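The letter at position 179 of the first sequence is residue 201 when you use the working numbering, and the numbering goes up by one with no holes. The beta carbon of each residue, even a glycine, is placed where N, CA and C say it ideally should be. Note that this is a predicted model, so its numbers are computed, not measured.
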Amino acid sequence: MSENSQYPTAPFGDWDGSPAAARAMQQSLAAQVNLQDDFPPLRLIAGVDVGFEDGGTITRAAAVLLDADTLELVGSSLARVPTNMPYIPGLLSFRELPAVLQALGELPAVPDLIFSDGHGIAHPRRLGIAAHLGVVTGLPTIGVAKKLLTGAHDELDLARGAQVELRDKKTGEVIGCVLRSKDKVRPLIISPGNRVSIVTAPQLVMRYVTRYRLPEPTRLADRLASRREEKAAARRLSGAAK
DNA sequence: GCGACAG
DNA sequence: ATCTTGTCGC
C-alpha cells in the first residue's frame, strides 16, 4: 500500500494571504479549467469532503477511493491539519484545499475522477473548490453542492433525475445544473470541475447515486470527514445511560 | 446603497 | 461546517 505524494503541497503559489489576492488568483486559474469531456474509462473514483473538530481549530479532510463499477471501497484517508483561515463565501478552497490535497495524497492510488463537496464553476469567478482542485491536480473533477452560491434557475420536477440549467444571473451563461437525485429531496447543484462538461457532470453524478441523496463518493467522504458514525454512537450511549 | 452568500 | 431532540411525512 504505497501512498502517492504527487499532489501539490502549496497550491496557492506565492499568495500573500489576503482575500483580494485570492480573488485575483481565482480569475487567472479559472482560465485553466477544461470544460471538455477528457477523462479516461473510469476504474477508480474518489470522493473528498471536509469537516472540523474542536470548534473549528482543526480541519479534517477525508478522501475515499471506490471501484467505479462495483462502488466497493478500495481505500480511504484522513488528514487533520490546523485551520488557517476563516470561511469566506467564494474563498472556500483557500481554507479547505490544503487538507484535501493531503488526504488525496494518502490514498493508495490516483483516481480517474474526483467528486468534490462544493461548487465547480458555479462560482462568482468560476473557480469553486472543485474547479480549483481540478486545476491544481490536473485531474477530472465534479462539484457536488447542497446549496446555491450563485446563479438562477427555473423550478424542477420532483422526480428523481429531474434537472434544470443553472445560469449566471447577469450573463445568462450556463454554469451548471440543479439536479434532483432522489424523488422529492432538495436538489443538488452540480457543476464541473475540470475535464468534464456541464452536460456530462450530472450524468456521472446520477450514475453513482444509489439510495441516498448524495452520490456514493461524496456521501462516504462526508461520513468520514464529519464523523457521522462516532457522533451517532456517542448519542446512542448517552441516551441509553439515562 | 442593498441583498446574497458553497462549507 | 458545528451546536442539538423530537417530530412530521413519505
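Cβ-based burial, residue 23 [other Cβ within 10 Å; buried from 16]: Bear in mind that a pLDDT of 49 at residue 23, under 50, signals an unreliable position, so the number given afterwards is only what the model happens to contain. Exposed, since its Cβ has fewer than 16 Cβ neighbours within 10 Å.
In three-state terms, what does DSSP make of residue 99? strand
Pair within 8 Å by beta-carbon distance, residue 224 and residue 211: no
For residue 157, does the three-state DSSP call read helix, strand or coil? helix
In angstroms with no decimal places, state the Cα-to-Cα distance between residue 39 and residue 111. 16 Å
Got a sec, what are the start and stop residues for the beta strand (DSSP E) residue 81 sits in? 80-89
Measuring alpha carbon to alpha carbon, tell me which of 188, 137, 189, 63 ends up nearest residue 87. 137
Report buried or exposed for residue 60, applying the criterion of at least 16 other Cβ atoms within 10 angstroms of its Cβ. exposed
Starting from the C-beta of residue 128, find all residues in its chain whose C-beta is less than 6 Å away, skip the five residues before and the five after it, and write them out in chain order. 25, 99
Provide the residue(s) that pair with residue 56 in DSSP beta bridges, ordered along the chain. Answer is none; residue 56 lacks a bridge partner.
Rounded straight-line distance, which links the Cα of residue 240 to that of residue 117: 19 Å
Paired residues, beta bridge with residue 74 - DSSP: 81
If you draw a straight line from the C-alpha of residue 13 to the C-alpha of residue 104, how long is it? Here the chain covers residues 23 to 264 and nothing more, so residue 13 does not appear.
With 16 other Cβ atoms within 10 Å as the buried cut-off, status of residue 194: exposed
Quick one: what's got a C-beta closer than 6 Å to residue 167's C-beta in the same chain, skipping five residues either side? 140, 141, 211
Please identify the residue among 149, 107, 160 whose C-alpha is closest to the C-alpha of residue 74. 107
To the nearest angstrom, how far is the alpha carbon of residue 162 from that of residue 66? 12 Å
Rounded to whole angstroms, what's the CA-CA distance from residue 133 to residue 222? Just pull it up for me. 18 Å
Which residues mark the beginning and the end of the beta strand (DSSP E) in which residue 189 is found? 185-189
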